[in-house]
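First up is the structure itself, then whatever we jot down about it.
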Amino acid sequence: MYWILVTGATGYIGSHTCILLLKSGYNIVILDNFSNSSPKVIDNIIKVSNLNSKEISRRIKVFEIDICNHNSLDNMFSSMIKSRKKINAVIHFAGLKSVADSVEQPYKYWETNVLGGINLIQTMESYNCKTFVFSSSATVYGPTSKIPIKESDLIKPCSPYGSTKASFENFLADISGCTETLKCSIPSNKEWRIARLRYFNPVGAHSSGNLGELPKGKPNNLFPLIAEVCSGEREILEIFGNDWPTKDGTGVRDYIHVMDLAEAHLLTLSKLFISDPQILTLNLGTGIGTSVLELIKTFELETGRKVPYKISERRRGDLSISIADPINALKYLNWKAKFGIKEMCRDGWRWKQSQAQNNI
Ligand code: NAD
Ligand code: UFG
């Protein structure tokens, strides 16, 4: 069976994708430097996947590696080859993802998200592994008045984080020999099979309660903050503005269940394996917008608890509304999000409770 290298595999989206890869029969190479995750997540992946010890040693390899270290990447590919395991494809989640931190530390963001990615691509090329799935972001679009957002819309990131994602997307187009930019699928004359997946707002957790987001430090995003307020860890939620031009004045986003997102990665991989060399660019969202107040309300209904909040100033750099047009994911992958915000809140809360019970 195929070996899939998953960079950032112990992070939030990577760990959920590992579950589906294992379930679908793929073998996985877990690569992470644990800068925003913990090796303990590997135990959770194994637990949720229900593998026995024989399967674990046969189907999972783990490497603690920083993608900025070219030699380590090369050694990892070479050790896999020596043990007669060829890596057939890479799903590249490893990266830094805080908009605010990227403003403070642009060098670090460019080094990890762009140089690290280039190291990885160069290493893959030298081992003739040319199937690559990249975690991009809706943030590459920047502010837009066109809703829903299509893949062909203007790319205009407005943070160093967004610039690193847009630049690496451009690099991927260049190495695959693609000149056009507006189509979702462009043939590659360099034998690369690449997908650039632009996630909207991933939230929620695995329904078992054994896997979820485990960020280090204070979360910046709305969903984990609501969960913290709901659990009593945080006193009150600040809503950043109620004077946006939206249905109730609060910011609107396209929240997507992390397991829906993970499934889209599986389908992308299958699609790339059976297709001609190409670069595929897809939005991954539900196409449905939810306001901050609507998300709070749903969380309260699903948990039976109150989420106290106060209205604060708008956050610098925020958008009023961001919703995907996911039609191309349906067309190219036959993928459509299955879960709504009720399930996202239910599963996110189950994970939050199990963290408290198990002292995670
Ligand atoms: P995460 O921080 O939970 O996971 C990223 C993983 O990469 C972590 O385990 C971290 O330890 C690892 N990592 C970071 N730098 C590394 C390095 N130099 N070498 C090796 N490993 C390294 O983030 P996530 O939410 O799972 O996001 C995964 C990818 O998706 C990221 O590239 C992110 O930019 C992108 N993305 C995330 C979101 C989101 O809201 N979560 C939205 C759009 C795009
Ligand atoms: N919000 C609050 N209070 C908070 C946090 C957020 O009111 O304490 C509001 C924001 O103003 C926004 C909405 O909740 O209206 C969602 O904010 P998030 O920070 O959860 O998400 P963003 O859409 O701002 O950004 C996220 C990631 C980016 C990524 C983008 C698109 O943080 O890295 O989604 O994928 F680029």
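Residue numbers (our numbering): 16 to 375. Backbone N, C-alpha and C fix where the C-beta goes; we use that ideal spot for every residue, glycine too. Note that the structure is predicted; figures quoted are calculated from it, not measured.
Ligand 1 and residue i: does any heavy atom of the ligand fall closer than 8 Å to the residue's C-beta?
i: S150; result: yes
i: D47; result: yes
i: A109; result: yes
i: I338; result: no
i: I82; result: yes
i: S68; result: no
i: K145; result: no
i: G23; result: yes
i: E248; result: no
i: A153; result: yes
Based on the DSSP secondary-structure assignment, which residues constitute the bridge partners of residue i?
i: L20; result: V44 and V105
i: Y324; result: L252
i: K76; result: V44
i: L217; result: Looking at the sequence shown, residue 217 is not Leu but Pro. In DSSP, P217 forms a bridge with I271.
i: I136; result: In the DSSP output, where bridge partners are listed per residue, I136 has none listed.
In angstroms, rounded to a whole number, what distance separates the CA positions of residue i and residue j?
i: L229; j: L276; result: 17 Å
i: E126; j: R268; result: 29 Å
i: V273; j: Y176; result: 21 Å
i: K55; j: K367; result: 16 Å
i: A104; j: A210; result: 11 Å
i: D58; j: S64; result: 10 Å
i: K351; j: F149; result: 19 Å
i: M17; j: D291; result: The displayed chain sequence assigns Tyr, not Met, to residue 17. Distance between the alpha carbons of Y17 and D291: 18 Å.
i: I80; j: S222; result: 29 Å
i: C199; j: L295; result: 5 Å
i: D89; j: N236; result: 35 Å
i: Y6; j: D258; result: Because residue 6 is not part of the residues shown, which for the chain are 16 to 375, the question remains open.
i: S174; j: S337; result: 16 Å
i: S178; j: I61; result: 35 Å
i: V218; j: K171; result: 24 Å
i: M359; j: A242; result: 11 Å
Return the first residue and the last residue of the alpha helix (DSSP H) that residue i is part of.
i: H280; result: V273 to I289
i: S117; result: V114 to E119
i: V63; result: K55 to S64
i: F238; result: L237 to S246
In the DSSP assignment, the beta strand (DSSP E) including residue i goes from what residue to what residue?
i: S200; result: S200 to P202
i: I294; result: Q293 to L299
i: S335; result: Note, S335: premise wrong, no beta strand (DSSP E); not H, not E.
i: F49; result: From DSSP, F49 is part of no beta strand (DSSP E); its letter is neither H nor E.
i: T146; result: T146 to S152
Using 8 Å as the cut-off, classify the Cβ of residue i as near or not near the heavy atoms of ligand 2, replying yes or no.
i: Y124; result: no
i: R73; result: no
i: F183; result: no
i: A344; result: no
i: I254; result: yes
i: K100; result: no
i: R330; result: yes
May I ask whether a heavy atom of ligand 4 can be found less than 8 Å away from the beta carbon of residue i?
i: A371; result: Ligands in the displayed structure: ligand 1 and ligand 2; ligand 4 is not one of them.
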